[in-house]
Amino acid sequence: MSLGATGNLPVFNTRGTERFATSSTSVSFAPFHTAQQESESALKSSRVKQASALWEDEVITAMRIPLEKLTTMALLSSGGYGEVYRGLYHDEPVAMKVLLSERQKDLGHINSFLGEIKMMASIDHPCIVRFIGVAWDSLSDLTAVLEFMEGGDLRSLLKRFEQEHHPCGFDLDKARIALQTAQAVTYLHSLDPKVLHRDLKSRNILLTSKFEAKVSDFGVSRWYSFCSMTAAVGTSLWMAPEVMMGERYDASADIFSFGVVLSELDSHLHSIEHCVNCDRYGDRTVQLDSTANLDSTLRLDSSQTSMTQPKKLSSSLWEDEAITAARIPLEKLTRKELINTGGHGEVYRGSYRCETVAIKVLLSEKRKDMRQINIFLSEIKMMASVEHPRIARFIGVAWDALTDLCAVSEYMNGGDLFSLLRRFDRVDHRPQGFDGSKAKIALHVAQALTYLHSLDPVVLHRDLKSMNILLSSDWNAKITDFGVSRKWTVDTMTAGVGTRRWMAPEVMMGKRYNTSADIFSFGVVLSELDSHLPPYASAISTITSESGDKVTETALMEMVAMGRVRVEYSPNAPQALVNLGHACVDLDPAARPTAGEVHYQLQRMLRRYQQYTL
Numbered sequence: 001m002s003l004g005a006t007g008n009l010p011v012f013n014t015r016g017t018e019r020f021a022t023s024s025t026s027v028s029f030a031p032f033h034t035a036q037q038e039s040e041s042a043l044k045s046s047r048v049k050q051a052s053a054l055w056e057d058e059v060i061t062a063m064r065i066p067l068e069k070l071t072t073m074a075l076l077s078s079g080g081y082g083e084v085y086r087g088l089y090h091d092e093p094v095a096m097k098v099l100l101s102e103r104q105k106d107l108g109h110i111n112s113f114l115g116e117i118k119m120m121a122s123i124d125h126p127c128i129v130r131f132i133g134v135a136w137d138s139l140s141d142l143t144a145v146l147e148f149m150e151g152g153d154l155r156s157l158l159k160r161f162e163q164e165h166h167p168c169g170f171d172l173d174k175a176r177i178a179l180q181t182a183q184a185v186t187y188l189h190s191l192d193p194k195v196l197h198r199d200l201k202s203r204n205i206l207l208t209s210k211f212e213a214k215v216s217d218f219g220v221s222r223w224y225s226f227c228s229m230t231a232a233v234g235t236s237l238w239m240a241p242e243v244m245m246g247e248r249y250d251a252s253a254d255i256f257s258f259g260v261v262l263s264e265l266d267s268h269l270h271s272i273e274h275c276v277n278c279d280r281y282g283d284r285t286v287q288l289d290s291t292a293n294l295d296s297t298l299r300l301d302s303s304q305t306s307m308t309q310p311k312k313l314s315s316s317l318w319e320d321e322a323i324t325a326a327r328i329p330l331e332k333l334t335r336k337e338l339i340n341t342g343g344h345g346e347v348y349r350g351s352y353r354c355e356t357v358a359i360k361v362l363l364s365e366k367r368k369d370m371r372q373i374n375i376f377l378s379e380i381k382m383m384a385s386v387e388h389p390r391i392a393r394f395i396g397v398a399w400d401a402l403t404d405l406c407a408v409s410e411y412m413n414g415g416d417l418f419s420l421l422r423r424f425d426r427v428d429h430r431p432q433g434f435d436g437s438k439a440k441i442a443l444h445v446a447q448a449l450t451y452l453h454s455l456d457p458v459v460l461h462r463d464l465k466s467m468n469i470l471l472s473s474d475w476n477a478k479i480t481d482f483g484v485s486r487k488w489t490v491d492t493m494t495a496g497v498g499t500r501r502w503m504a505p506e507v508m509m510g511k512r513y514n515t516s517a518d519i520f521s522f523g524v525v526l527s528e529l530d531s532h533l534p535p536y537a538s539a540i541s542t543i544t545s546e547s548g549d550k551v552t553e554t555a556l557m558e559m560v561a562m563g564r565v566r567v568e569y570s571p572n573a574p575q576a577l578v579n580l581g582h583a584c585v586d587l588d589p590a591a592r593p594t595a596g597e598v599h600y601q602l603q604r605m606l607r608r609y610q611q612y613t614l
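Going by UniProt numbering, 263 is the number at position 263 of the sequence shown; the sequence numbering is gapless.
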């Protein structure tokens, strides 16, 4: 089935079943679910048929690039099934993976390679090696093109450390490598269905010249299905015991492999003696809470502070390690002009160590209220515990007394999305609709949500809106403002938290809610990106003109909760966007897509726009 700009959009509920949108044209979440349903035995029994199906697969064909645009240079590495060459594509250094010559006529190996390419094309994360495209003229010259990582692989680096007698142990660079690997695994395990890497090892962790790490090699990776996980897949030194022994396994098998990698980072040697529990794999931490552990190591290493056991949390949070570890000298801050004012605080532009920063403080009338101070401290603690390229970077917290508490974050010189869209509408008169720049903004926000929802415990933003999406000068987006964000538990979610027009009906009505509440808010943001107007602006105008009375905010939100009013899209909006947006704001929380599914669809949209501009 060719989807391109058409197809059917299934909206998923928690039982994994599908119900289709009523629109005649849409896109599909199918790659998440069709891949899950394929068993490996079926692949083996119908290789020829499956190979031809993969050639026609939209993910493969959408990523095809002209073979003649590739220049092959030096051989980088060779394995049992393939070779990787350094090459050029549009003057960009790339890595080109091909099958060994003796494997290029084996349909089984071609089919496996196509499966790997489809997997690589379906995932996108800053800590996973970027997939650029696939090229071929015939079966025998199939080539996967990836970003080139000039720092080589982690195994080679550690071997060099050993030869050069580099001291064993952990340092800032090693902690960063471990953290970035954890971020990649967290992303893979957050998808629905989960992706298991199944061959995580130091050889498959590639580095830039600055020791930034990205996970590579998805040759044996699979969408997780409880009944279809193959035994003894991976490399033996990094392989979890349950995989080796042919038992059923899940995402915790990747965690075992990660534990082995941690021991390598410390000792520089192949070793599995010190960091893994072979007895009870159910006890491993399956969701890598990278911020609570590795991120704190990074913070403490970078400030040359020794790691200590967490202190008992005081009622005011002043003694909390997340607050004290992030403390910076107040006298090092220079406060400049006021940027924004809200109901509880103000944000100023300022500088810290020659870097432009955003400085958030409580309003003067709130600074003597201990309850407001503690709420602000909780927000600071939340900001200090999350770290992702698509979340505004937390720099530190400063105070001399309760009255001058400051949260310091990176400064985003592009302002907020709400202001940009108002300028589009009122000043620039930019046409409504969706384009590559808007798709990039939406994708960045989805990446941030995917990360927050993958943490353990899950973090709900609870106030996602265009005002809380900040932009760089080239429109790279990051989310901010964790003032009402919470680590999610089923019994502790407060009713009516957030900003009304972006609020999910279940939150508004005081019902229990979960991550799907953030997805509803995201769906509202998608409508803003398309129309440049505040949420429900068209509906308010229509209701007012018909009744003669201005509709109140409360009445409007009651109509939203009843399904009488929903977000609207311009006539220029692509159908794929409309269907995704409507799925996000479905009144049934269980029918909304996950952040991972949203991310996947936006990634596909962005690729289409990028293809049109080549």
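Cβ atoms here follow ideal geometry from the backbone N, Cα and C, with glycine treated the same way.
Quiz item: Excluding five sequence neighbours on each side, which residues of the same chain lie with their C-beta closer than 6 Å to the C-beta of Gly596?
Solution: Exclusion of the five residues before and after Gly596 leaves Ser190, Leu191, Asp192, Thr450 as the residues of its chain whose Cβ lies within less than 6 Å of its Cβ.
Quiz item: What is the DSSP secondary structure of Met559, reduced to helix, strand or coil?
Solution: If DSSP states are grouped into helix, strand and coil, Met559 belongs with the helices.
Practice problem: Counting only the same chain and skipping the five closest in sequence on each side, list residues whose C-beta sits under 8 Å from that of His90. | Solution: When the five nearest sequence neighbours on each side are left out, the beta carbons in the same chain lying within less than 8 Å of the beta carbon of His90 are those of Lys69, in order along the chain.
Practice problem: Could you pull out every residue in the same chain whose Cβ sits closer than 6 Å to the Cβ of Gly523, ignoring the five residues on either side in sequence? | Solution: Same-chain partners within the cutoff: Gly581, Cys584, Val585.
Practice problem: Give a yes or no on contact between the stretch 100-109 and the stretch 152-166, applying the rule of three or more CB pairs nearer than 8 Å. | Solution: By the criterion of at least three beta-carbon pairs nearer than 8 Å, the stretch 100-109 is not in contact with the stretch 152-166.
Quiz item: Where does the unbroken beta strand (DSSP E) through Leu333 begin, and where does it stop?
Solution: For Leu333, the uninterrupted beta strand (DSSP E) segment begins and ends at 333-341.
Quiz item: When the Cα of Phe482 is compared with those of Leu377, Leu269, Met503, which residue comes out closest?
Solution: If we check each option's Cα against that of Phe482, Leu377 comes out closest.
Quiz item: Leaving out five residues before and five after Ala439 in sequence, what residues of the same chain have Cβ atoms less than 8 Å from its Cβ?
Solution: Contacts found: Leu602, Met605, Leu606, Tyr609.
Quiz item: Are the Cβ atoms of Thr186 and Ala213 separated by less than 7 Å?
Solution: No.
Practice problem: Pick helix, strand or coil for Met141, following the three-state DSSP scheme. | Solution: First, the residue type needs correcting, since residue 141 is Asp and not Met in the sequence shown. Note: Asp141 maps to helix in three-state DSSP.
Self-check item: Host alpha helix (DSSP H) of Pro505 (start-end)
Solution: Here the alpha helix (DSSP H) through Pro505 covers 505-508.
Self-check item: Residues that residue 693 bridges to, as DSSP identifies them
Solution: Outside the shown range of the chain (1 to 614) lies residue 693, about which nothing can therefore be said.
Practice problem: Can you tell me the Cβ-Cβ gap for Arg86 and Gly133, rounded? I've got them flagged as a contact below 8 Å. | Solution: About 16 Å; that fails the 8 Å criterion.
Exercise. State the CB to CB distance for the pair Val215 and Cys127, rounded to an integer number of angstroms; the pair is presumed to be in contact (CB under 8 Å).
Key: Going by Cβ atoms, the distance from Val215 to Cys127 rounds to 6 Å, so yes, they are a contact pair.
Self-check item: Proximity below 7 Å, CB of Gly433 to CB of Ala573
Solution: Cβ distance < 7 Å, so Gly433 and Ala573 count as in contact.
Self-check item: Beta-carbon gap between Arg500 and His444 smaller than 7 Å
Solution: In this structure, the beta-carbon distance from Arg500 to His444 does not fall below 7 Å.
Self-check item: Assigned secondary structure, Val357 (DSSP; H/G/I helix, E/B strand, else coil)
Solution: Secondary structure at Val357: strand, using DSSP grouped into helix, strand and coil.
Self-check item: Close-in-space but distant-in-sequence residues of the same chain around Tyr600 (CB under 6 Å, 5 per side omitted)
Solution: Closer than 6 Å at Cβ, skipping near neighbours: no residue.
Exercise. Look at the alpha carbon of Arg130 and the alpha carbon of Val145, and state the distance between them as a whole number of angstroms.
Key: Between Arg130 and Val145, the C-alpha separation is close to 9 Å.
Quiz item: Would you say Ser122 faces chain D, with C-beta separation under 7 Å as the test?
Solution: In the structure shown, chain D cannot be found, because there is only a single protein chain.
Exercise. Report the rounded CA-to-CA distance for Phe520 versus Ala446, giving the unit in angstroms.
Key: C-alpha separation (whole angstroms): 12 Å.
Quiz item: Which residues in the same chain have their Cβ closer than 7 Å to the Cβ of Glu92, if we skip the five residues on either side of it in sequence?
Solution: Cβ within range, chain order: n/a, list empty.
Self-check item: Assigned secondary structure, Asp586 (DSSP; H/G/I helix, E/B strand, else coil)
Solution: In the three-state reduction of the DSSP assignment, Asp586 falls in the coil class, being assigned neither a helical nor a strand state.
Exercise. Closer than 8 Å by C-beta to Glu337: which residues in its own chain qualify, once you throw out the five before and the five after it? Chain order, please.
Key: Excluding residues within five positions, the ones whose Cβ falls inside 8 Å are Tyr348, Arg349.
Quiz item: Are there 16 or more other CB atoms within 10 angstroms of the CB of Ala401, so buried, or fewer, so exposed?
Solution: Here Ala401 is exposed. Its C-beta has fewer than 16 other C-beta atoms within 10 Å.
Quiz item: If Ala175 and His125 are in contact, beta carbons under 8 Å, what's the gap, nearest whole angstrom?
Solution: Between His125 and Ala175 the Cβ distance is about 19 Å, and since that is not below 8 Å, they are no contact.
Quiz item: Any chance the stretch 467-477 sits against the stretch 409-426, with 3 or more Cβ pairs inside 8 Å?
Solution: The stretch 467-477 is in contact with the stretch 409-426.
Exercise. Identify the continuous alpha helix (DSSP H) that holds Ile255 and give its terminal residues.
Key: Here the alpha helix (DSSP H) through Ile255 covers 252-267.
Quiz item: Under the three-state reduction of DSSP, which class applies to Lys368: helix, strand or coil?
Solution: Here Lys368 sits in coil by DSSP.
Quiz item: Is Gly350 helix, strand or coil when you go by DSSP?
Solution: The answer is strand: DSSP assigns Gly350 an E or B state.
Practice problem: In the DSSP assignment, find the unbroken beta strand (DSSP E) run with Leu179 in it and report its ends. | Solution: For Leu179, there is no enclosing beta strand (DSSP E); the enclosing alpha helix (DSSP H) has its first and last residue at 172-190.
Practice problem: Would you check if the distance between the CB atom of Asp254 and the CB atom of His197 is smaller than 7 Å? | Solution: Against a cut-off of 7 Å, the Cβ pair of His197 and Asp254 comes out as a contact.
Quiz item: Alpha carbon to alpha carbon, how far is Val567 from Ser527?
Solution: Computed Cα separation, rounded: 6 Å.
Quiz prompt | Residues that Phe394 bridges to, as DSSP identifies them | solution = Paired residues: Ser409.
Quiz prompt | Range of the contiguous alpha helix (DSSP H) that encloses Ile132 | solution = No alpha helix (DSSP H) contains Ile132, which is instead part of the beta strand (DSSP E) from 131-135.
Quiz item: Can you give the Cα-Cα distance for Arg367 and Lys478, rounded to whole angstroms?
Solution: Each residue's alpha carbon lies about 28 Å from the other.
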